[in-house]
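K.L.:
For reference, the structure I am asking about is given below.
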Amino acid sequence: MDTGTVLLAFGLTFLAGLSTVVGCVFAFFAKTTNTKFLSASLGFSAGVMLYISFVELLAEANEHLSQHVGEARGELYTVLSFFAGVAIIAVIDKLIPSFENPHELHKVEEISKVEKIKTQNGLHRMGVFTALAIAIHNFPEGLVTFTATLADPALGISIAIAIAIHNIPEGIAVAVPIYYATGSRKKAFLFSFLAGIAEPIGALLGFFLFLHIFNDMILGIMFASVAGIMVFISLDELLPAAERYGEHHLCIYGLILGMVVMAASLLLLG
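One gets the working numbering by counting positions in the sequence shown from 1 and adding 22 to each.
This is the structure:
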C-alpha cells in the first residue's frame, strides 16, 4: 500500500469523524434547528452512499473477488459479503437501546428541556450506555472511509464528505442525551469528540488487521461489506431522519442531487 494513500485515508477518516463536534457546537450555539437544511443534507448524504455502494463498491468487490476465486464464485462471495455487512450493522443497531442510540433523532431545542433524572445510578447508566453506543456505532464508519480511500482516493473523499454530513446531526444526538445526564456542556463536547474519534480508531484497527493479508480476496470482501453497511445506514438512519427533520420532497431532492453529484464526480475523475 502506498504510504501517501494510507495517510490520506487516515486524514479523511479523522476529519469525517470530528464532524460530530460541529453538531455539538450547533446544539449549544444555534437557537433553532435548521430542519430544512438537515433534511436536504441527510438526503444528499444517503444519495451519495447508495450510489457509491451499488454502482462503485459492489462492482469493485466483484472484480477483486472474481480475480481471486473465479467469476461464478466471485459473484456469490460479493453477494454474501454485502449481506454480511448489512447483518453486522443491523445487529449492532438492534443491541443498543433507542434512547442511548446516538443515531436517534434529536433537535437543538431539546437543550432547553433538560430532563430531571432522579438517581445518580440513572445518570451513571445513561453515561455508560451512551459512551458504548457512540463507540460501537461509529467504528464501522471509520472502516468504510478508510477502505474506500485505499481503493480510490477520489471515492474516499466523496464518502468522507457524505459521512461528515451524516455526523453533524449525530453530534446533536450525542450532545443532547449527555447534557440531559450530566448537565455539563464540557462532558457533552467530550463525548461528541469521542463519538468522532471512534472512526479513525476503527480505521487504525482495520489497517493493522489487514496490513499483512491485504489481497484481492480481503479487499473484495471488505468492499462488499462496506457497501452493505452504507446501504443499511442510508435506509435505516439517514433517510428516516431526513423525513422526520423536514419535508418529504426536500429529502428526495437531496437524495437525487447526491446521486447526480456522485455520478458526475465519478465520470470526471474516472
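Glycine included, C-beta positions come from ideal geometry on N, C-alpha and C. Keep in mind that this is a model prediction, so the values were computed, not measured.
(1) Return helix, strand or coil for D258, following the three-state DSSP convention.
(2) Which same chain residues, not among the five before or five after L43, have their C-beta less than 8 Å away from its C-beta?
(3) For K140, does the three-state DSSP call read helix, strand or coil?
(4) Using only the alpha-carbon positions, how far apart do A285 and L80 sit?
(5) Is there contact between the stretch 159 to 177 and the stretch 239 to 248, where contact requires at least three CB pairs shorter than 8 Å?
(6) Tell me whether L102 sits in a helix, a strand or coil according to DSSP, three-state version.
(7) Got a sec, what are the start and stop residues for the alpha helix (DSSP H) G92 sits in?
(8) Leaving out five residues before and five after C273 in sequence, what residues of the same chain have Cβ atoms less than 6 Å from its Cβ?
(9) Between which two residues does the alpha helix (DSSP H) holding L34 run?
(10) Within the same chain, show all residues whose beta-carbon is closer than 8 Å to that of V166, passing over the 5 residues directly before and after it, in chain order.
(11) Given S41, which residues of its chain have a CB within under 6 Å of its CB, disregarding the five upstream and five downstream residues?
(12) Of the choices K208, E82, L102 and E163, whose alpha-carbon is the least far from that of G224?
P.N.:
Looking at the atomic coordinates:
(1) Helix.
(2) Checking the displayed sequence, the identity of residue 43 turns out to be Val instead of Leu. These residues qualify, in order along the chain: G193, F211, S214, F215 and G218.
(3) Interpretation of K140 is limited by its pLDDT of 42, a score under 50 that renders its predicted location unreliable; the figure taken from the coordinates is listed afterwards. DSSP places K140 in coil when its eight states are reduced to three.
(4) Straight-line Cα distance between these residues: approximately 15 Å.
(5) Three or more beta-carbon pairs drawn from the stretch 159 to 177 and the stretch 239 to 248 are found closer than 8 Å, and the two stretches are therefore classed as touching.
(6) Helix.
(7) No residue range can be given for G92, since it is assigned to no alpha helix (DSSP H) and is classified by DSSP as neither H nor E.
(8) The answer, listed in chain order, is S61, G65, A264 and E265.
(9) Per DSSP, L34 is one residue of the alpha helix (DSSP H) stretching across T25 to G39.
(10) Counting only Cβ-Cβ distances below 8 Å, and skipping sequence neighbours, we find I181, I185, V248, I251 and M252.
(11) Hits under 6 Å: A186, N189 and I190.
(12) Distance from the Cα of G224 is smallest, within the candidate group K208, E82, L102 and E163, for E163.
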